[in-house]
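*Asks:*
Chains as they are written, first to last, in our numbering: chain A, 2 to 420; chain B, 2 to 271.
(1) Going along the region 189-222 of chain A in order, which residues come within less than 7 Å of chain B, judged by CB to CB distance?
(2) If residue 170 of chain B sits next to residue 245 of chain A, beta carbons under 8 Å apart, how far is it from one beta carbon to the other, in whole angstroms?
(3) Does the region 388-407 of chain A come into contact with the region 358-374 of chain A, if we say contact requires no fewer than three beta-carbon pairs (one atom in each stretch) closer than 8 Å?
(4) Would you say residue 361 of chain A and residue 323 of chain A are within 8 Å of each other, going by their C-beta atoms?
(5) Buried or exposed, going by whether 16 or more other CB atoms sit within 10 Å of the CB of residue 153 of chain B?
(6) Write down the C-beta distance between residue 100 of chain B and residue 189 of chain A rounded to the nearest angstrom, noting that I regard them as a contact closer than 8 Å.
(7) Relative to the alpha-carbon of residue 98 of chain A, which residue among A/28, A/112 and A/64 has its alpha-carbon at the smallest distance?
(8) Which residues bound the alpha helix (DSSP H) around residue 327 of chain A?
(9) Apart from the five residues just before and just after residue 249 of chain B, which ones in its own chain have a Cβ nearer than 7 Å to its Cβ?
(10) What does residue 244 of chain A reach in chain B if we use C-beta pairs closer than 8 Å?
(11) Helix, strand or coil for residue 31 of chain B? Go by DSSP, reduced to three states.
(12) According to DSSP, is residue 347 of chain A part of a helix, a strand, or is it coil?
(13) Starting from residue 211 of chain B, trace the beta strand (DSSP E) in both directions and tell me its first and last residue.
(14) Within 10 angstroms of its Cβ, does residue 76 of chain A collect 16 or more other Cβ (buried), or is it exposed?
(15) If we count Cβ pairs, one from each stretch, closer than 8 Å, do we get three or more for the region 89-108 of chain A versus the region 150-165 of chain A?
(16) Residue 50 of chain A CB to nearest chain B CB: under 8 Å?
(17) Which first and last residues belong to the beta strand (DSSP E) in which residue 393 of chain A is found?
(18) Taking only beta-carbon atoms, is residue 148 of chain B less than 8 Å away from chain A?
(19) Classify residue 416 of chain A as buried or exposed, calling it buried when 16 or more other Cβ atoms lie within 10 Å of its own Cβ.
(20) For residue 130 of chain A, count neighbouring Cβ atoms within 10 angstroms of its own Cβ and tell me buried if that reaches 16, exposed if not.
(21) For my contact list, residue 116 of chain B and residue 167 of chain B are in at a C-beta cut-off of 8 Å; report their separation, rounded to the angstrom.
(22) Could you please give me the residues that DSSP links to residue 229 of chain B through a beta bridge?
(23) Going along the chain, which residues of its own chain have a beta-carbon closer than 6 Å to the beta-carbon of residue 254 of chain A, five neighbours each way excluded?
(24) Rounded to whole angstroms, what is the Cα-Cα separation between residue 231 of chain A and residue 82 of chain B?
(25) Report all residues from its chain with a CB closer than 6 Å to the CB of residue 3 of chain A; omit the five preceding and five following residues, and keep chain order.
(26) For residue 130 of chain B, is the classification buried or exposed, using 16 other Cβ atoms within 10 angstroms of its Cβ as the cut-off for buried?
(27) Within 8 Å, do at least three Cβ pairs link the region 206-225 of chain A to the region 271-282 of chain A?
(28) Is DSSP giving residue 255 of chain B helix, strand or coil here?
(29) For the beta strand (DSSP E) that residue 38 of chain B lies in, which residues bound it at each end?
(30) For residue 247 of chain A, count the other beta carbons within 10 Å of its own beta carbon; 16 or more makes it buried, fewer makes it exposed. Which is it?
(31) Should residue 140 of chain A go down as buried or exposed, given a rule of 16 or more other Cβ atoms within 10 Å for buried?
(32) Just list the residues that DSSP pairs residue 181 of chain B with in beta bridges.
(33) By DSSP, does residue 411 of chain A sit in helix, in strand, or in coil?
(34) Per the contact definition of three or more C-beta pairs closer than 8 Å, is the region 46-62 of chain A in contact with the region 114-134 of chain A?
(35) Using the Cβ count rule (16 or more neighbours within 10 Å means buried), how would you classify residue 155 of chain B?
(36) Taking only beta-carbon atoms, is residue 28 of chain B less than 8 Å away from chain A?
Right, dumping it as structure tokens:
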């Protein structure tokens, strides 16, 4: 912004964001946005079903498929880098990897994380070996095959962008159509089974969507990092909502934004790898949500806890005042002073005395309510803090007080010491 | 010998025909195993219509497994299960299952009403949006378990007892004829236990059939009409008065039920 050196980059970035950066850049940014949308929506269910690592194994299992497809196509005399062929190959080995994880967990006593670890590392290792072998082969165009690892925006074809758009539309439609069975299975598989939902097939559909997103994301984000694009948007969305359908929409939006902006950034700065930049954009949204979400964010939780702590201290301080007990806790003293309930020298003010006796009276009312009416649902709402006026009507309180009066007139000391 | 064979034959035939539409749940030879160790072995059971049945047995006796195996939640090794005379797949609309509360993650992004709506998925269908009719229905089910005020609360913020009531409300939404509950009273407060048993008795008075996996032996005679005593194999089955006896309990629990405890239970029963 200040230096001249930043200007060309910023201009390129804005051009890319506004789709003015040339045809190829526009293709990539729109493609990455759509990919982010599909990944966010499909990833929502992987996140809810707690299968993040399975999808990671699946994406790593694409590598041998890409390499094998290249070898087959190159030796068949065709173009080894023909994208649909490569994607088909990647889907094939990814499906085998998924099946193996599923089979190992069902047929053996191996835990799922062991199965995931085995499949992920073995498939990926095999893929790297094949990648190395391919470099030594005497066929053309093997250079650049390794961009599938981390993704690239360079040289994207219009047909490739169209493929991504179509696949993104398909997976979005699948998520919409299957949202109810998938929600059921993610929340309560046993119940889902009794209502006639096929749990295993639904799980396969969830992972199938992950596989689809992985395959179409190979070109832009790469296979190593696609799991981030599946999981981070859903985790981001979880900070903002308590409902599944909203979670899907927010995750899709966050994924789309990360894909679009990340691809634009990567296009503006030549040397930046696309996949990692998109993942970092996605993480930025996550980090902001983690901090500032009013629902589940860290700051809001800390503030809620602090408010609660202050209410507890204020209440305990008032009760101590009413019973004439000394108060030592500095926080309690500070709160009472701030609220004008005690003077700086620790003596109760008029307001303070009124509030203290009210607190003691409420305590006695609650006590009576809990003792007298065994199963009164109101008594269940006693938390020691809620003012009784918020739970009961004036008439109900008056009725309570009518029972309470003899005890109160008999002397407040008694009510206090019975506590 | 001959007569016995014929009698057995006749029995076999009647159970093979087995289309008893008045029989809520009829289980024959149910075996479920993890690996080569049976969790429940060759169990026959018939829940009687319009009654509340307790499924009783020690920890690891296969009570939950029996229920889940019967309903096809987990695969069974052998056995035939009929619900109102039909295979489970053909009778899904007629029964409601309430899993153990601890079997799900309550931090799931859902409100109480969303969970109850899951009981209406069959009515709503795959693609249609849930209408206000469904919402009203779900709210009504929540108020039957005393949870109407908590409809829009995130389920993770509810107490254990409240969560259990939400589960029961979801089963009510299914409007079934047979209700199967897996430990509905586990870890709930007294008020919730009361609320749940009231709802179940209401259902019974409407002629519905209920079965619960039940742990607390001291409340069996108070709550239930019949009992099914399990310990991998079936020990006994029938009306509480005759089935819930010291001998049967001893056979079910073996040494695991302290003698004093057993006396307590029996005295209460008597």
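Using N, Cα and C, we set each Cβ at its ideal position, and we do this for glycine too. Remember, predicted model here, so these are calculated numbers, not experimental data.
*Replies:* Let me spell this out:
(1) 189, 191, 192, 194, 195, 196 and 197
(2) For this step, residue 170 of chain B is matched to residue 169 along the second chain. For this step, residue 245 of chain A is matched to residue 244 along the first chain. With a Cβ gap of about 18 Å, residue 170 of chain B and residue 245 of chain A do not count as contacting.
(3) yes
(4) The count along the first chain starts at 1 and reaches residue 361 of chain A at position 360. The count along the first chain starts at 1 and reaches residue 323 of chain A at position 322. In this structure, residue 323 of chain A lies closer than 8 Å to residue 361 of chain A by Cβ.
(5) Along the second chain, one-based indexing puts residue 153 of chain B at 152. Per the 10 Å Cβ criterion, exposed.
(6) For the purposes of this step, residue 100 of chain B is identified with residue 99 of the second chain, where counting begins at 1. For the purposes of this step, residue 189 of chain A is identified with residue 188 of the first chain, where counting begins at 1. About 6 Å separates the two Cβ atoms, so the contact holds.
(7) Looking up residue 98 of chain A in the first chain gives position 97. Of the candidates A/28, A/112 and A/64, the one whose C-alpha sits nearest the C-alpha of residue 98 of chain A is A/64.
(8) Along the first chain, read from residue 1 onward, the residue named residue 327 of chain A stands at position 326. Per DSSP, residue 327 of chain A belongs to no alpha helix (DSSP H) and is neither H nor E.
(9) One-based indexing of the second chain puts residue 249 of chain B at position 248. So the list reads 230, 236 and 237, once near-sequence residues are dropped.
(10) In the first chain, counting from the first residue as 1, residue 244 of chain A sits at position 243. Here the neighbours are 110, 111, 112 and 115.
(11) As a working mapping, residue 31 of chain B is identified with position 30 in the second chain. Residue 31 of chain B: strand per DSSP, three-state reduction.
(12) Within the first chain, residue 347 of chain A is the residue found at index 346, counting from 1. Note: residue 347 of chain A maps to coil in three-state DSSP.
(13) As a working note, residue 211 of chain B is residue 210 in the second chain. Start and end: 210-214.
(14) Mapped onto the first chain, residue 76 of chain A falls at position 75. It is exposed - the Cβ of residue 76 of chain A has fewer than 16 other Cβ atoms within 10 Å.
(15) no
(16) Here residue 50 of chain A corresponds to residue number 49 of the first chain, with the count starting at 1. It does not: the Cβ of residue 50 of chain A has no partner Cβ on chain B nearer than 8 Å.
(17) Taking the first chain and counting its residues from 1, one reaches residue 393 of chain A at position 392. Residue 393 of chain A -> no beta strand (DSSP E), and no H or E assigned at all.
(18) Here the question's residue 148 of chain B lines up with position 147 in the second chain. Output row for residue 148 of chain B: interface = no.
(19) As a working mapping, residue 416 of chain A is identified with position 415 in the first chain. Any answer about residue 416 of chain A is weak, because its pLDDT of 42 lies below 50 and its placement is not dependable; what the coordinates show is given next. Buried, since its Cβ has 16 or more Cβ neighbours within 10 Å.
(20) Stepping through the first chain from its first residue, residue 130 of chain A is reached at position 129. Residue 130 of chain A comes out exposed.
(21) Here residue 116 of chain B corresponds to residue number 115 of the second chain, with the count starting at 1. Here residue 167 of chain B corresponds to residue number 166 of the second chain, with the count starting at 1. Yes, they are in contact, since the Cβ atoms of residue 116 of chain B and residue 167 of chain B sit about 5 Å apart, within 8 Å.
(22) As a working note, residue 229 of chain B is residue 228 in the second chain. Partner(s): B/56 and B/238.
(23) Mapped onto the first chain, residue 254 of chain A falls at position 253. Excluding positions up to five away in sequence, the list is empty.
(24) As a working mapping, residue 231 of chain A is identified with position 230 in the first chain. As a working mapping, residue 82 of chain B is identified with position 81 in the second chain. If I take the Cα positions, the gap works out to 41 Å.
(25) Here residue 3 of chain A corresponds to residue number 2 of the first chain, with the count starting at 1. For residue 3 of chain A, the pLDDT reaches just 46, beneath the cut-off of 50, and the residue's location in the model is therefore unreliable, although a value from the coordinates is still provided. For residue 3 of chain A, where only same-chain residues beyond five positions count, there are no Cβ hits under 6 Å.
(26) Working through the second chain from its first residue, we reach residue 130 of chain B at position 129. With fewer than 16 other Cβ atoms within 10 Å, it is exposed.
(27) yes
(28) Within the second chain, numbered from 1, the residue matching residue 255 of chain B stands at position 254. If DSSP states are grouped into helix, strand and coil, residue 255 of chain B belongs with the helices.
(29) Numbered from its first residue, the second chain carries residue 38 of chain B at position 37. Start and end: 38-48.
(30) Within the first chain, numbered from 1, the residue matching residue 247 of chain A stands at position 246. Counting Cβ neighbours within 10 Å, residue 247 of chain A comes out exposed, since fewer than 16 surround it.
(31) Taking the first chain and counting its residues from 1, one reaches residue 140 of chain A at position 139. Residue 140 of chain A should be labelled exposed.
(32) Indexing the second chain from 1 puts residue 181 of chain B at position 180. The partner list for residue 181 of chain B (beta bridge, DSSP) reads B/98 and B/212.
(33) Position 410 of the first chain, counted from the first residue, corresponds to residue 411 of chain A. Because residue 411 of chain A carries a pLDDT of 46, less than 50, the predicted location of this residue cannot be relied on, and no value is offered for it.
(34) yes
(35) Counting from 1 along the second chain, the entry for residue 155 of chain B is found at position 154. The residue is buried, with at least 16 neighbouring Cβ atoms inside 10 Å.
(36) To locate residue 28 of chain B, count along the second chain from 1; it is residue 27. Cβ-Cβ to chain A under 8 Å: no for residue 28 of chain B.
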